[in-house]
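Colleague: According to the numbering used here, the sequence shown is numbered sequentially starting from 1069.
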Amino acid sequence: MTNNSSLKDLLGLERLNSAQIEAILDKAASFKKTPPKDLLAGRTVAFLFSEPSTRTRSSFEMAAKRLGAEVLSFSAAGSSLSKGETLLDTMLNLQAVGVTHFVVRHERSGVLEDLAPAVKACVVNAGDGWHEHPTQALLDLMTLRERWNGFKGRKVVVLGDIRHSRVARSNLYALKKLGAKVVFCGPTPLAPDAFKELGAIVEHDVERALRGADAVNVLRLQTERMDQGFVASLADYALSYQLTPERADLMKPDALVLHPGPMNRGVEIDSAVADGPRSVILEQVANGVFIRMAVLALCDEGRS
Ligand code: CP
């Protein structure tokens, strides 16, 4: 998305302003209250996913279908991408057969920056490397906003493997713009002080980070992105950083627990917390459909 009110693409939240973020949240809330009918009839949404997904892909598919769009079945693994075709050529060819929206997940950070302006179709980032996962952060904010009057003065802790997390970065950009204080917490290699430059408070002591918090967003260890020993062992990490019931109780009494999924129960989060009264994890997943409906619809408005 650009800074105009018409937004063909959603590549990240860093460059959006608070009004644009609130507009997406408002649209998603209105779709949740009154589902629109056939708003995207005649449109075709294609999914280009080169990394695994359960929640993002299924909720985007659900969102597209609820808006009356067709969904193109496309598997990156079985496509001509594996014969050396570039992602741009693939997108131009799919556009030629009628695709109007691309939803893309890719292992390379920033891969969509050059691709989105080169196609007429809308391009939505469903997670690019360590860079951004904008719709995940938007559904996190939607879930928090349903419980809160606003974000100003709220303390949100993001706990875990911040270093490799596109979710952490998108959450930081959006929460800061709406007035919340964001604390990144994890062991130094996974929550380096360099994040202070982006506006986060960095804290390595989990108890100190959680004390008085309004919410915690727990992240898994992204072992698939780790090429060196960032933690001594999973057991060691769990001992020092797992969100246990005792640690969760350091937050405010009505504080919320979020997790983008997939969860590694017993590592970054205790099941008693994941399934406990503070948890809004499945509400996040349900809200993901409305956020993705809003994004597909708003981007469609921005398509010339
Ligand atoms: N939160 C998230 O992106 O989950 P998936 O990898 O299952 O899509």
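Even glycine gets a Cβ: it sits at the ideal position worked out from N, Cα and C. Note that the structure is predicted; figures quoted are calculated from it, not measured.
1. Rounded to the nearest angstrom, what separates Asn-1071 and Gln-1088 at their Cα positions?
2. With DSSP as the reference, identify every bridge partner of Ile-1337, one or two as the case may be.
3. At what residues does the beta strand (DSSP E) containing Val-1348 begin and finish?
4. Using the three-state DSSP reduction, which class does Thr-1203 fall into: helix, strand or coil?
5. Does the Cβ-Cβ distance between Val-1353 and Ala-1316 come in under 8 Å?
6. Express the C-alpha separation of His-1327 and Pro-1257 in angstroms, rounding to a whole number.
7. Please report the straight-line C-alpha distance between Ala-1365 and Val-1357, rounded to a whole angstrom.
8. Kindly list the residues whose CB is nearer than 6 Å to the CB of Gly-1195, restricted to its own chain and excluding five residues on each side of it in sequence; keep chain order.
9. Keeping to the same chain, check which residues put their C-beta closer than 8 Å to that of Val-1377; ignore five residues upstream and five downstream.
10. Would the beta-carbon of Gly-1197 be found less than 7 Å away from any heavy atom of the ligand CP?
11. Considering only C-alpha positions, which residue in the set Lys-1076, Gly-1178, Tyr-1309 and Arg-1346 is nearest to Pro-1321?
12. Quick one: using the 10 Å Cβ neighbour count with 16 as the cut-off for buried, is Gly-1254 buried or exposed?
13. Helix or strand or just coil, what does DSSP make of Val-1353?
14. What do you reckon, are the CB atoms on Met-1319 and Leu-1278 nearer than 8 Å?
15. Ends of the beta strand (DSSP E) at Arg-1373?
16. Using 10 angstroms around the beta-carbon of Ser-1141, count the other beta-carbons present and answer buried if the total reaches 16, otherwise exposed.
17. To the nearest angstrom, report how far apart Leu-1155 and Ala-1189 are at their CA atoms.
18. Going by C-alpha to C-alpha distance, which of Trp-1216, Gly-1197, Lys-1076 and Ser-1177 sits closest to Leu-1324?
19. Is there contact between the stretch 1130-1138 and the stretch 1105-1112, where contact requires at least three CB pairs shorter than 8 Å?
20. Spell out the partners DSSP gives Ile-1092 in its beta bridges.
21. On the CB-based measure, 16 or more other CB atoms within 10 Å of its CB, does Arg-1176 come out buried or exposed?
22. Assuming Leu-1079 contacts Cys-1367 under a Cβ cut-off of 8 Å, what Cβ separation, rounded to an integer in Å, is found between them?
23. Taking only the alpha-carbon atoms, compute the straight-line gap between Leu-1107 and Leu-1180 and give it to the nearest angstrom.
24. For the beta strand (DSSP E) holding Val-1192, just list the boundary residues, first then last.
25. Is the beta carbon of Gly-1228 sitting closer than 8 Å to the one on Leu-1287?
26. Distance check for Thr-1158 and Asp-1182, CA to CA, integer angstroms please.
27. Does any heavy atom of the ligand CP sit closer than 7 Å to the C-beta of Gln-1290?
28. To the nearest angstrom, report how far apart Gly-1329 and Arg-1123 are at their CA atoms.
29. Hey, quick one: how far does the alpha helix (DSSP H) through Asn-1161 stretch, first residue to last?
30. Express the C-alpha separation of Arg-1360 and Ile-1276 in angstroms, rounding to a whole number.
31. Just to confirm, does His-1201 get its C-beta within under 7 Å of one of the non-hydrogen atoms of the ligand CP?
32. Quick one: is the Cβ of Thr-1211 within less than 7 Å of any heavy atom of the ligand CP?
33. By Cβ distance below 8 Å, which residues in the same chain neighbour Gly-1178 in space, the five residues on each side in sequence not counted?
Modeller: The structure says:
1. As a working mapping, residue 1071 is identified with position 3 in the sequence shown. As a working mapping, residue 1088 is identified with position 20 in the sequence shown. Confidence is the limiting factor: at Asn-1071 the pLDDT is only 43, short of 50, which leaves the residue's position unreliable and the question unanswerable from this model.
2. Position 269 of the sequence shown, counted from the start, is the residue given in the question as residue 1337. Paired residue(s): Leu-1311 and Arg-1333.
3. In the sequence shown, the residue the question calls residue 1348 occupies position 280. First-last for Val-1348: undefined, no H or E at that position.
4. Start at 1 with the first residue of the sequence shown, and residue 1203 comes out as number 135. Residue state, collapsed to three classes: helix.
5. Sequence index remark: in the sequence shown, residue 1353 carries index 285 (1-based). Sequence index remark: in the sequence shown, residue 1316 carries index 248 (1-based). No. Outside cutoff.
6. Here residue 1257 is taken as the residue at index 189 of the sequence shown, counted from 1. Here residue 1327 is taken as the residue at index 259 of the sequence shown, counted from 1. Computed Cα separation, rounded: 21 Å.
7. On the sequence shown, residue 1365 is found 297 positions in, with the first residue counted as 1. On the sequence shown, residue 1357 is found 289 positions in, with the first residue counted as 1. Each residue's Cα considered, the two are about 12 Å apart.
8. Taking the sequence shown and counting its residues from 1, one reaches residue 1195 at position 127. Arg-1173, His-1201 and Arg-1234, listed in sequence order.
9. The requested residue 1377 is not part of the displayed model; the chain covers only 1069 to 1372.
10. To locate residue 1197, count along the sequence shown from 1; it is residue 129. Result no, Cβ not under 7 Å from the ligand CP.
11. Counting from 1 along the sequence shown, the entry for residue 1321 is found at position 253. Checking every option, the nearest Cα to that of Pro-1321 belongs to Arg-1346.
12. Counting from one through the sequence shown, the residue named residue 1254 turns up at place 186. Buried, by the Cβ-count rule.
13. Walking along the sequence shown from the start, residue 1353 turns up at place 285. The answer is helix: DSSP assigns Val-1353 an H, G or I state.
14. Position 251 of the sequence shown, counted from the first residue, corresponds to residue 1319. Position 210 of the sequence shown, counted from the first residue, corresponds to residue 1278. Yes, the pair counts as a contact, with Cβ atoms nearer than the cut-off.
15. Beyond the ends of the chain as shown, which are 1069 and 1372, falls residue 1373; an answer cannot be given.
16. By one-based count along the sequence shown, residue 1141 stands at place 73. Exposed is the call here.
17. Mapped onto the sequence shown, residue 1155 falls at position 87. Mapped onto the sequence shown, residue 1189 falls at position 121. Rounded to the nearest angstrom, the two C-alpha atoms are 14 Å apart.
18. Indexing the sequence shown from 1 puts residue 1324 at position 256. The shortest C-alpha separation from Leu-1324 is found at Trp-1216.
19. yes
20. Here residue 1092 refers to the residue found at position 24 of the sequence shown. Paired residues: none, contrary to the question.
21. Residue 1176 sits at position 108 when you count from the first residue of the sequence shown. By the 10 Å Cβ count, Arg-1176 comes out exposed.
22. Your numbering for residue 1079 matches position 11 in the sequence shown. Your numbering for residue 1367 matches position 299 in the sequence shown. Incorrect: roughly 11 Å between the Cβ atoms, too far for contact.
23. Here residue 1107 refers to the residue found at position 39 of the sequence shown. Here residue 1180 refers to the residue found at position 112 of the sequence shown. Going from the Cα of Leu-1107 to the Cα of Leu-1180 covers about 26 Å.
24. Numbered from its first residue, the sequence shown carries residue 1192 at position 124. Its beta strand (DSSP E) spans residues 1190-1196.
25. Position 160 of the sequence shown holds residue 1228. Position 219 of the sequence shown holds residue 1287. Going by C-beta atoms, Gly-1228 is nearer than 8 Å to Leu-1287.
26. Taking the first residue of the sequence shown as position 1, residue 1182 is located at position 114. Taking the first residue of the sequence shown as position 1, residue 1158 is located at position 90. Each residue's alpha carbon lies about 14 Å from the other.
27. As a working mapping, residue 1290 is identified with position 222 in the sequence shown. Checking every heavy atom of the ligand CP against the Cβ of Gln-1290, none is found closer than 7 Å.
28. For the purposes of this step, residue 1329 is identified with residue 261 of the sequence shown, where counting begins at 1. For the purposes of this step, residue 1123 is identified with residue 55 of the sequence shown, where counting begins at 1. Taking the straight line from one Cα to the other gives about 8 Å.
29. Within the sequence shown, numbered from 1, the residue matching residue 1161 stands at position 93. Residues 1155-1164.
30. Within the sequence shown, numbered from 1, the residue matching residue 1276 stands at position 208. Within the sequence shown, numbered from 1, the residue matching residue 1360 stands at position 292. Correcting the residue type first, residue 1276 is Arg in the shown sequence and not Ile. When rounded, the distance between both Cα atoms is 35 Å.
31. Looking up residue 1201 in the sequence shown gives position 133. Yes, since a heavy atom of the ligand CP falls inside the 7 Å radius drawn around the Cβ of His-1201.
32. Translated into the one-based positions of the sequence shown, residue 1211 becomes position 143. No, since every heavy atom of the ligand CP falls outside the 7 Å radius drawn around the Cβ of Thr-1211.
33. For this step, residue 1178 is matched to residue 110 along the sequence shown. These residues qualify, in order along the chain: Asp-1196, Gly-1197 and His-1199.
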